[in-house]
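Residue numbers (our numbering): 239 to 404. Heads up, the beta-carbon is just placed ideally off N, CA and C, and yes, glycines get one too. Since this is a predicted model, take the numbers as computed values, not measurements. Notes follow the structure.
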């Protein structure tokens, strides 16, 4: 009799845990339907509606190489401070310092926030931009160089570790 009660209790506990575990799965991200062109007339008293935004991806993607005559080197680091975490992108030089008009930096934080900054002419070794980060090791930093032709070339895309212990 005692074995039956214990077995029933264990079976009931497993059933409850299975149901609870099934309820805690993250929801699949909502997809945005493709836009369609429809002629509509908007009334003047109609209030604007909020548009759901798709969260930024924090997975680094491919980068490109600038032509040798425009080459640029940028170093990206975290300050490692838990109270005020920041990510700094610093220009380390390159042949294109006199012809590149700007360098754009974008940090996608692990909490979903996005920070952007720009380094503009006159460019010199040590020019930098500092953006807010998090204490997580998966903040993503992207660096784009604006070429003299007006094109944007991604030269850096990687996770920035919060602290480095070496």
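- Here DSSP, grouped into helix, strand and coil, assigns residue 242 to helix.
- The three-state reading of DSSP puts residue 306 in helix, counting H, G and I together.
- The beta carbon of residue 311 sits closer than 7 Å to the beta carbons of 330, 331 and 332 from its chain, once the five residues preceding and following it are set aside; these are given in chain order.
- The region 391-400 and the region 350-369 do not touch, with fewer than three beta-carbon pairs separated by less than 8 Å.
- Counting the other CB atoms within 10 Å of its CB gives residue 314 a total of 16 or more, which places it among the buried residues.
- Proximity to residue 345 across 248, 240, 242 and 395 peaks at 395, based on C-alpha coordinates.
- Residue 380 is classed as buried because its beta carbon has at least 16 other beta carbons within 10 Å across all chains shown.
- In this structure, residue 304 lies away from residue 350, with their beta-carbon atoms at least 8 Å apart.
- The shortest CA-to-CA distance from residue 366 to any of 375, 391, 343 and 348 is the one to 343.
- Put simply, the backbone Cα of residue 387 is about 14 Å away from that of residue 309.
- Looking at the backbone, the Cα of residue 324 and that of residue 378 are separated by about 12 Å.
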